[in-house]
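Residue numbers (full-length UniProt numbering): 1 to 182.
C-beta atoms are modelled at their ideal positions from N, C-alpha and C, and glycine is treated no differently.
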Amino acid sequence: MFRKFDENENISSTNQIKSSVQRQIRAAVIEQMPEIESYLQEIWPKKENAKIIKCHDHIEILTVGNQTLFFKQRDSPWYPTLRLLHKYPFILPRQQVDRGAIKFVLSGANIMCPGLTSPGAKLNNDIGNNSVVAVHAEGKQTALAIGLMKLSPEDILKVNKGIGIETIHYLNDGLWHLKVSR
């Protein structure tokens with residue numbers, strides 16, 4: 001989604017959002033990530049003005065102050081940015097890939113099933129299909145990507161072929177380098 005993202009070319013407009021829309025977004029974020037509820041006031045104060053950056057391909061990025069917090073494409077769920085996920089690592093369920101997958105994930109590749117079932121990987125079985133997950137790597141502390149589960153953990157173990165997690169946002173992509181001015 002953000003592999004070739006360039007803020008000079010891809011951003012269409014930036015608009016301040018009404019408080020009613022902010023409430024709707026807050027409710028959607030809490031519904032998707034219940035663990036964030038007690039920290040949401042700290043992350044996104046109610047008195048702080050929020051802006052939506054509209055980009056090509058129907059991507060919307062939510063910013064508060066000079067921080068990018070969440071993004072979505074069309075009717076997809078709201079995803080936290082990696083910077084937010086690094087501050088609050090518990091807000092998304094965790095999947096771990098083996099060391100061999102690191103360079104591919106950092107170049108924007110989707111995570112294949114064998115990368116989730118090999119000896120260095122840890123597959124979290126409590127996550128369902130189409131869930132937003134934090135992708136961690138064997139031996140690393142912070143998440144290297146945010147993805148969307150394409151198969152359930154049972155199917156990944158059973159089939160062990162094809163795409164297991166679609167990579168949405170990863171370290172050093174266009175969103176990671178996005179500079180937000182007030």
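query, result
"Beta-bridge partners of Ala50, as assigned by DSSP", "Val64"
"Alpha-carbon to alpha-carbon, Asn172 and Lys4", "11 Å"
"Contact under 8 Å by Cβ, Ile59 with Phe71", "yes"
"Identity of the residue in Val64, Ile52, Ile25, Gln32 nearest Trp44 by Cα", "Val64"
"Cβ-based neighbour list, Leu84, same chain, cut-off 6 Å, excluding 5 preceding and 5 following", "Leu69"
"Cβ contact (3+ pairs, closer than 8 Å) linking the segment 82-97 and the segment 25-39", "yes"
"Own chain partners of Thr142 with C-beta closer than 6 Å, once the 5 adjacent residues on each side are dropped", "His86"
"Rounded straight-line distance, which links the Cα of Cys55 to that of Ile61", "8 Å"
"Simplified DSSP assignment, three categories, for Val29", "helix"
"Glu154, enclosing alpha helix (DSSP H) - first and last residue", "153-159"
"Nearest residue (CA-CA) to Glu48, options Arg74, Ile17, Leu148", "Ile17"
"Proximity to Val180 [Cα-Cα], best of Lys51, Gln24, Ala27", "Lys51"
"According to DSSP, residues forming a beta bridge with Gln95", "Val135"
"C-beta atoms of Arg74 and Gly139 nearer than 8 Å", "no"
"Proximity of Met149 and Asn129 at Cβ, strictly below 8 Å", "yes"
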